[in-house]
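Take a look at the structure set out below.
Number of protein chains: 2
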Amino acid sequence: MKINILGTATTEFGELWKTSPRELARVAIQGALKDAGKRPKDIDALFVGNMLAGIFGNQANLGSLFCEELGVNVPASHVEAACASGGLALHNAINSLLAGRYNTVLVLGVEKMTDSSQDEVTAGLMAAGSDEERQAGVTFPGIYALMAQAYMSEYNVTEEELAAVSVKNHFHGSLNDKAQFRRIITVEDVMRSGKIADPLKLLDCSPISDGASAVVISTETSKNSKPVFITASEVATDTLSLHDRQSFTTLSSVVRASQAAYKKVGIKASGVDVAEIHDCFSIAEAIATEDLGFSKRGEGAKDIANGRMTIGKGKIITNPSGGLKACGHPVGATGIKQIVEITQHLRGEAGARQVRGAKIGLTHNVGGSGAIAVIHILQN
Amino acid sequence: MKINILGTATTEFGELWKTSPRELARVAIQGALKDAGKRPKDIDALFVGNMLAGIFGNQANLGSLFCEELGVNVPASHVEAACASGGLALHNAINSLLAGRYNTVLVLGVEKMTDSSQDEVTAGLMAAGSDEERQAGVTFPGIYALMAQAYMSEYNVTEEELAAVSVKNHFHGSLNDKAQFRRIITVEDVMRSGKIADPLKLLDCSPISDGASAVVISTETSKNSKPVFITASEVATDTLSLHDRQSFTTLSSVVRASQAAYKKVGIKASGVDVAEIHDCFSIAEAIATEDLGFSKRGEGAKDIANGRMTIGKGKIITNPSGGLKACGHPVGATGIKQIVEITQHLRGEAGARQVRGAKIGLTHNVGGSGAIAVIHILQN
Chain A
441 MKINILGTAT
451 TEFGELWKTS
461 PRELARVAIQ
471 GALKDAGKRP
481 KDIDALFVGN
491 MLAGIFGNQA
501 NLGSLFCEEL
511 GVNVPASHVE
521 AACASGGLAL
531 HNAINSLLAG
541 RYNTVLVLGV
551 EKMTDSSQDE
561 VTAGLMAAGS
571 DEERQAGVTF
581 PGIYALMAQA
591 YMSEYNVTEE
601 ELAAVSVKNH
611 FHGSLNDKAQ
621 FRRIITVEDV
631 MRSGKIADPL
641 KLLDCSPISD
651 GASAVVISTE
661 TSKNSKPVFI
671 TASEVATDTL
681 SLHDRQSFTT
691 LSSVVRASQA
701 AYKKVGIKAS
711 GVDVAEIHDC
721 FSIAEAIATE
731 DLGFSKRGEG
741 AKDIANGRMT
751 IGKGKIITNP
761 SGGLKACGHP
771 VGATGIKQIV
781 EITQHLRGEA
791 GARQVRGAKI
801 GLTHNVGGSG
811 AIAVIHILQN
Chain B
441 MKINILGTAT
451 TEFGELWKTS
461 PRELARVAIQ
471 GALKDAGKRP
481 KDIDALFVGN
491 MLAGIFGNQA
501 NLGSLFCEEL
511 GVNVPASHVE
521 AACASGGLAL
531 HNAINSLLAG
541 RYNTVLVLGV
551 EKMTDSSQDE
561 VTAGLMAAGS
571 DEERQAGVTF
581 PGIYALMAQA
591 YMSEYNVTEE
601 ELAAVSVKNH
611 FHGSLNDKAQ
621 FRRIITVEDV
631 MRSGKIADPL
641 KLLDCSPISD
651 GASAVVISTE
661 TSKNSKPVFI
671 TASEVATDTL
681 SLHDRQSFTT
691 LSSVVRASQA
701 AYKKVGIKAS
711 GVDVAEIHDC
721 FSIAEAIATE
731 DLGFSKRGEG
741 AKDIANGRMT
751 IGKGKIITNP
761 SGGLKACGHP
771 VGATGIKQIV
781 EITQHLRGEA
791 GARQVRGAKI
801 GLTHNVGGSG
811 AIAVIHILQN
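Protein chains in written order, with the numbering used here: chain A, 441 to 820; chain B, 441 to 820.
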């Protein structure tokens, strides 16, 4: 059975002070339906990816809630996996099609973060970590800083090389009219930005964002002249805490999920043309580039610094949307936005940031510090 | 493909002050594995039903978290649908088997509620409702009281007849060593208990509870001498808010999901021998009895009062576990506990509360005031 992407849409990502979660969802849902040429009554079920609505807004029951924005009361599931909530919602939606239960379902990723104070957001995001990490007072910048320290030491990588990840992603973001940041930055800008958790600086970190993205998937054939299929949807987990891992410089969940995905599709990493990577911090993309097999161990940051993943220069283009860093990171939406972005490239509809000739795309969505990884492969 | 229940387990439900959520989960997981004759490494994936860990404990990423208690890092999904989180987690788990993705998965329902203050619990549970309901200051006892007022007026039902629901469920709970309340009560006890939201009194309301339940389901055949299968798993949604509904005396989500389930299995409501009902309030069971087709409209409470759903007296036995009222209602666990209970009856292992000759069982798990309903049918 083929899983067809019939339609996709995303809101602008950013600090959308005037927009409610319901309105974000509505815009994404209506956009995806329109792109799919479908009406609400054509949708058999809804899957929602969201992490923080309960913690920030005391709102649960999100399946039923967002059915109201879809406009029909269909079976609906809210799926949570911290920052991989969007990807995991899609995974469960795909299962429902493969199970033969539905023909066409809509997957919504949505997050509203800027209505809460910075302290609330910092505390809320630590829900993705463990009791021990919270009790130790560590935050996610701190956790990823530990990974960056280990990585730089183990592979003799400089802060400037890590900074190149953000430089690339801001360049890509400058080409994306949905991106939160569309300003080109330099390595010097990153190096001069305020230290958050040594060696990570402000411009090594993805922002706090609002946004929603949606995708209509179906067992029906797409009417688009360049149809796109999801050919692999793989999930792997790891310990919740970083301190329980054998290595700080690889995420085994990513290695296992991506290897399973490559095997499923029958390709090697080198077969991927374009990938959306979960770059919550610059170090995360450097390590992911290696865990996904795009670079050799220790060479991820260096390859990025050398332009090997940049639009117009590289062979495997990573984060053409601008990634979490420049496009923004409304956590529940991110995994679905990645699908929206890759679909645009495989359709040849990505405009100024089009990866030419892209035929195979990958999305890499991670929850916590690698406690869960969700990998999707999309093909024409 | 047949969905086999290989093993089930539940912790005691109650005010388990000394037990952490992780420990609750561990006990339920290990119990279900033992009952199934399986080891952790035999489990291909984990599904977790939970509503409140984020809101009460700032803990998300529950799939990965509870993999640590399972002891293996397998693909894991946290599914939330307010008080129907357990049932909906099972539904998504069943999809994953039907999709051919896994052979054997474990579904965990878990909730820890007593670590929070009463005010926190009252506010937290309103996460299952809508913004408008929260802003109006209404709580779930208030919402169900509105339904009770409408029901009593429409069908000329007395408070004493509603009270009979709790009397039956406390009698059943007295036979269940996992139940939070094992004390037999009378209609007079209910009538004398403190008014919560007119006409609902304390003993019309399910308690605040801690607990965890788990079930191992598989495409493999069970080795139990009386194997149990899940033959239908149906979900329907409705508006989040009660005020958006046409009627206060029926939950259309329950009617639609149960009709779909009966159709799937090829039975009528009268074919059901035993059912676990989502009796968050006495009125909820009265209405559910009618929505499920066990009683005629307006006769649910009267039928219960007349003993037609009581062990040893009735033809269709409802809530042999004691239901949410007497067995307890740790919200994410409830939908799985219902499966555990029905499985015991179909195996003939329910001891003093055994429903004799039970061959077809049903579970009815509801989120919010009927915003979502999840119906499962189990058969030998």
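Glycine included, every Cβ here is placed at the ideal spot set by N, Cα and C. In this text, all values refer to a predicted model and were calculated from it rather than measured experimentally.
Residue-level contact to chain A via CB, residue i, 9 angstroms cutoff
i	result
B/Q784	no
B/N543	no
B/Q575	no
B/V694	no
B/N532	yes
B/L643	no
B/N759	no
B/L473	no
B/A465	no
B/L502	yes
B/G569	yes
B/A588	no
B/A485	yes
B/G540	yes
Chain B within 9 angstroms of residue i, Cβ atoms only
i	result
A/G564	yes
A/L505	yes
A/G807	yes
A/L537	yes
A/G754	no
Where residue i falls, given that 16 or more other Cβ within 10 Å makes a residue buried
i	result
B/N609	buried
B/A493	buried
A/G634	exposed
B/Q794	buried
A/M566	buried
B/M441	exposed
B/A576	exposed
B/Q784	buried
A/E789	exposed
A/Q620	buried
B/S665	exposed
Residues near residue i by beta carbon distance below 7 angstroms, same chain, minus five either side
i	result
A/G503	L486, V488, A516, S517 and H518
B/G711	I800
A/L546	I469, A472, I483, L486, L510, A654 and V656
A/S606	I625, V630, L643, D644, S722 and K765
A/V754	Residue identity check: residue 754 of chain A is Gly in the sequence provided, not Val. If we look at A/G754 and ignore the five residues flanking it on each side, its Cβ neighbours are G747 and R748.
A/E599	M631 and P639
A/I751	H612, I757, P760, R793 and V795
B/A476	L446, G447 and V656
Residues near residue i in its chain [Cβ-Cβ closer than 6 angstroms; skip 5 each side]
i	result
B/T671	V705, I817 and Q819
A/R737	E730
A/L834	Because chain A spans 441 through 820 in this model, residue 834 of chain A falls outside it and cannot be assessed.
B/L528	V519, A521 and V814
A/K742	E601
A/V780	T448, T450 and S653
A/Y595	G738
B/R462	E509
Any chain C beta carbon closer than 9 angstroms to residue i
i	result
A/L546	The structure shown contains no chain C; the protein chains it does contain are A and B.
Chain-order list of residues whose beta-carbon lies under 8 angstroms from that of residue i (same chain, five-residue window excluded)
i	result
A/I495	G564 and A567
A/P581	I636, A637, L640, C645 and F721
Segment contact flag, the region 688-708 of chain B with the region 467-482 of chain B, C-beta cutoff 8 angstroms, min 3 pairs: Segments in contact, no.
At least 3 beta-carbon pairs within less than 8 angstroms: the region 563-574 of chain B vs the region 494-502 of chain A: Judged by Cβ distances under 8 angstroms, the region 563-574 of chain B makes contact with the region 494-502 of chain A, as three or more pairs qualify.
Sufficient close CB pairs (3 or more, under 8 angstroms) joining the region 722-736 of chain B to the region 453-464 of chain B: Judged by Cβ distances under 8 angstroms, the region 722-736 of chain B makes no contact with the region 453-464 of chain B, as fewer than three pairs qualify.
At least 3 beta-carbon pairs within less than 8 angstroms: the region 547-555 of chain A vs the region 672-690 of chain A: Segments in contact, no.
Contact set between the region 505-530 of chain A and chain B, restricted to residues whose Cβ is under 8 angstroms from the partner: Within the region 505-530 of chain A, L505, C507, E508, N513, V514, P515, A516, S517, H518, V519, E520, A521, A522 and L528 place their CB atoms closer than 8 angstroms to a CB of chain B, listed in sequence order.
Contacting positions in the region 672-690 of chain B - beta carbon closer than 7 angstroms to chain A: Cβ contacts with chain A: V675, A676, T677, D678, T679 and L680.
Stretch-stretch touch, CB-based, cutoff 8 angstroms, three pairs: the region 757-775 of chain A with the region 533-544 of chain A: With contact defined as three or more Cβ pairs closer than 8 angstroms, the region 757-775 of chain A and the region 533-544 of chain A are not in contact.
Residues of the region 487-498 of chain B with Cβ closer than 7 angstroms to any Cβ of chain A, in chain order: Residues of the region 487-498 of chain B with a C-beta less than 7 angstroms from any C-beta of chain A: M491, G494, I495 and N498, listed in chain order.
Where the region 796-820 of chain A meets chain B: residues whose CB sits under 7 angstroms from a CB there: Of all residues in the region 796-820 of chain A, only G807, G808, A811 and I812 place a beta-carbon less than 7 angstroms from a beta-carbon of chain B.
Contact list for the region 705-737 of chain B against chain A, Cβ threshold 9 angstroms: The region 705-737 of chain B vs chain A, Cβ under 9 angstroms: nothing.
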